[in-house]
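Taking it in order: structure first as structure tokens, then the write-up.
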Amino acid sequence: MTYPAPRPPAPRSGADVAISIVVLVLTVVMGAAAVFFGVFSLAFLDHCPPETCSVDGAVNAVFTALLVAAGVGVVGLVLTVVALIRRATAWPYALATFALCALTLFLGGVGYGAAVG
20 MTYPAPRPPA PRSGADVAIS IVVLVLTVVM GAAAVFFGVF SLAFLDHCPP ETCSVDGAVN
80 AVFTALLVAA GVGVVGLVLT VVALIRRATA WPYALATFAL CALTLFLGGV GYGAAVG
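So this is what it looks like as structure tokens:
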């Protein structure tokens with residue numbers, strides 16, 4: 020009995036790999052900047068008047084946004100890498116990860132703004 024020869028793997032798109040890596044690196048840089056500015060913004064809440072400002076609300080908004088963005092980033096990274104390993108198109112996963120992290124951080128900034136009045 021003879022078995023058919025295995026099919027060679029599909030060619031990997033260099034542009035797909037490059038775009039995916041660049042977008043994921045930009046996502047990490049955006050996350051690092053968000054951590055820096057988020058913690059920096061919380062450092063100056065000691066002059067926050069209690070009648071118009073909620074320190075607890077500001078802390079919750081910043082840390083919730085950072086944790087959710089980190090979770091979205093890890094899931095997006097895994098999905099992108101899996102797509103690259105399978106030689107499927109991966110850049111949409113990387114771009115969606117960037118967009119969802121940016122949206123999460125924006126909403127955290129809105130929550131921070133609402134908390135500090």
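Just so we're aligned, residue 20 is where the sequence shown starts under the numbering used here, counting upward by one. Beta carbons: idealized from backbone N, C-alpha and C, even for Gly. Predicted, not measured: the structure shown is a model, and the values here were computed from it.
Same chain, Cβ closer than 6 Å to residue i, neighbours up to 5 away in sequence not counted
i, result
"residue 110", "35, 38, 39"
Secondary structure of residue i, DSSP reduced to three states
i, result
"residue 150", "There is no way to answer for residue 150, as the model of the chain reaches only from 20 to 136."
"residue 24", "coil"
"residue 136", "coil"
Which listed residue (the options) has its alpha carbon closest to that of residue i
i, options, result
"residue 91", "123, 24, 75, 102", "123"
"residue 77", "58, 50, 93", "58"
"residue 46", "108, 112, 65", "112"
"residue 95", "85, 86, 21, 119", "119"
"residue 97", "24, 43, 28", "43"
Residues near residue i by beta carbon distance below 7 Å, same chain, minus five either side
i, result
"residue 73", "134"
Nearest-angstrom Cβ-Cβ length linking residue i and residue j, presumed shorter than 8 Å
i, j, result
"residue 26", "residue 106", "With a Cβ gap of about 12 Å, residue 26 and residue 106 do not count as contacting."
"residue 53", "residue 88", "7 Å"
"residue 80", "residue 131", "5 Å"
Residue i beta carbon near the ligand ATP (any heavy atom closer than 7 Å)
i, result
"residue 117", "Summarising the ligand content, the structure contains no ligands, and the ligand ATP is consequently not present."
Which residue spans inside the region 96–123 form an unbroken beta strand (DSSP E) run of at least 3? none
In chain order, which alpha helix (DSSP H) runs of at least 4 residues are fully inside the region 29–97? The region 29–97 contains, as complete alpha helix (DSSP H) runs of 4+ residues, the segments 33–62 (chain order).
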